[in-house]
Structures are given as structure tokens and as C-alpha cells.
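Structure first, commentary second.
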Amino acid sequence: TSALVSCDSLLLASQHYQNENVGVVNATYQIMRTSNQGEAAYWQYQSRVKHQESLLGSTIGSHGAFYTFRTTLFEPLEAGTINDDFILPMRIVLRGFTSVYEPKMLALELEQSSDDADFKRRLRISAGNMQQLMQLKKLLRPRYRGTAFAFLSGKVLRLATPYLMIVCLVCSLLLAQHPVFLLLLLAQVGIYGIALMTYLIPALNTVKPFKLISYIVVGHIANFVGGMKYLLGMENGRWKRVNQ
């Protein structure tokens, strides 16, 4: 791994395992340095989300840099599993155990990712998101309560977002004769225009609002393309190391 793990991580995890209902303990993922302001803001946001998910029921998925689980709960994964750091811990949750978040247990990423490497990573994760929805749809059952809500809002709706964005754009275009929908159309075109300009003019990456908008839009593009690749059988599930 390219992550530096805090020296007391196992001690912190062991405290949680004194509760026999805890099956997974997750570390806080942080980036040591990055030139991508959008990526930095995204992971800060994700850390807050993970903490809130844990309060609702269970943290949804784990970060592959570092997480722990009870060895007695391990089950081999099928060949072709894409996001193993999601499927494995959430199958443990399906069996009735909880996945908790430990803010003091840190996994500090040392490597920097280029925009190209980051996009490839997001493509793969998005394909995995489609796969895990198919495999873990039982998590949406009411019996899982807060965890079901977090899975629906954090994963299922995120997966659906690019398709909803396309529908919203088309509907706004068709209804543009009405002032409200014309404003919505102009707002969407403006946002996508900023993302395109940021891609075409690298100097705009230094403008934080532009970079943040670009990172979000590119993320949804990766979400759409990755999901379609999985549905069309074009994602083989093989992990490739990115050389920095």
C-alpha cells in the first residue's frame, strides 16, 4: 500500500472489537498532498459522510488503504469482484454485524495522482458501484434501517445521478420557452461549460471554484461511463497499479 497507517491503529480497532456486534472497523482516509483541490475537498467531505453513516448504523463500504475486520467473518470473493473493499465489509454487515468508523485511526495517502490516473480510478470504482448494487441489493430492505437509507442515498442515488442529469438537461431544453426552465437550462450549460473550459485550459485549475465544479462534473461522467462499461460487460475487474 502507498498509505502510512497510524501506529496505534490496531489498538484502536481492538477497542471496538470488544463489542461482539462489531464486524468491521474503518480508518479515516487522508491525502498528504495533492495539487487537485477538487480531490482534496472530496475526501474531506467523504470523511464527514463516513462518520455520519456510522452514527446511522454502519459505515457504507471501506477504504482499501486500510480497514480491519474479524478474520472469522471472512468469506472468499468471486473472481471478477471490482470493489473488494466494499463487497467484503458490506457482506459482513448483511450478516448482522456493524461497520464502525474510527476518526483517530488514520490512513495517510503518500502518493499523488494525476488527473488521468484519478479518472481511471473513478471509472473502475463506478463500474464497481454498479456491480455492488446488483450483489448487495438486500441492504435496501427496511430491516437494515439507517444503513439501508445510507446505502440508498450515498450509493444508489449517486449511481443514478448522471442519468438524472441527462434527463434534467433534456427536459429543460424541451421546456425552455418557460422562464424557470430557461434559467435551469442556462445554469446547467454554464456549469458544464466551466468544466469543459477547465479541462481545455489547465491554468483554470488554479481557480478553486472552477476546479471543484470540474471535479464534480468529471466524476459524474466517470460514473456514467463506468456503470455502462459494467452493464455492457466491458469491465473485467482486474486491478492495475498506477505508476506515479
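Residue numbers -9 to 234, in this note's numbering, belong to the letters of the sequence shown in order.
The beta carbon of each residue, even a glycine, is placed where N, CA and C say it ideally should be.
Computed from a predicted model, the values in this text were never measured in an experiment.
Sequence-distant partners of Tyr91 (beyond 5 residues in either direction) whose C-beta falls short of 6 Å from its own C-beta, in its chain, are Asn16, Lys40, His41, Ser44 and Thr49. Judged by their CB atoms, Gly13 and Val83 are nearer to each other than the 9 Å cut-off.
Three or more beta-carbon pairs drawn from the region 212 to 228 and the region 107 to 117 are found closer than 8 Å, and the two stretches are therefore classed as touching.
Scanning Leu63, Met22 and Leu221 for the CA closest to the CA of Arg85 turns up Leu63. Counting only unbroken stretches of 3 or more residues, the beta strand (DSSP E) elements lying wholly within the region 21 to 72 are 57 to 59, in sequence order.
In chain order, Thr18 place their CB closer than 6 Å to the CB of Ser37, counting only its own chain and leaving out the 5 sequence neighbours on each side. About 5 Å separates the beta carbons of Ser116 and Gly217, which is inside the 8 Å limit, making them a contact pair.
Rounded to whole angstroms, the separation of the alpha carbons of Gln178 and His168 is 15 Å. A Cβ-Cβ contact shorter than 9 Å links Thr188 with Lys201. Rounded to the nearest angstrom, the gap between the Cα atoms of Thr71 and Thr61 is 19 Å. No residue range can be given for Ser104, since it is assigned to no alpha helix (DSSP H) and is classified by DSSP as neither H nor E. Here Leu(-6) is actually not in contact with Leu123; their C-beta atoms are around 32 Å apart, not less than 8 Å.
By the criterion of a C-beta distance shorter than 8 Å, Ser4 is surrounded by no residue of its chain, once the five residues flanking it on both sides are discounted. The beta carbon of Tyr220 is closer than 7 Å to those of Ala117, Met120 and Gln121 in its chain, skipping five residues each way along the sequence.
Between His53 and Asp74, the C-beta spacing is not below 9 Å. Nearest neighbour of Leu164 by Cα position, chosen from Leu175, Pro192 and Trp33, turns out to be Leu175.
The C-beta of Gly183 has fewer than 16 other C-beta atoms within 10 Å across all chains shown, which makes the residue exposed. Around the beta-carbon of Met22, fewer than 16 other beta-carbon atoms lie within 10 Å, marking it exposed. Counting every other CB atom within 10 Å of its CB across the protein chains shown gives Leu173 a total below 16, marking it as exposed. Assignment of alpha helix (DSSP H) within the region 114 to 163, counting only whole runs of 4 or more residues, yields 135 to 141 in chain order. Note that the C-beta distance between Ala185 and Ile203 is below 9 Å.
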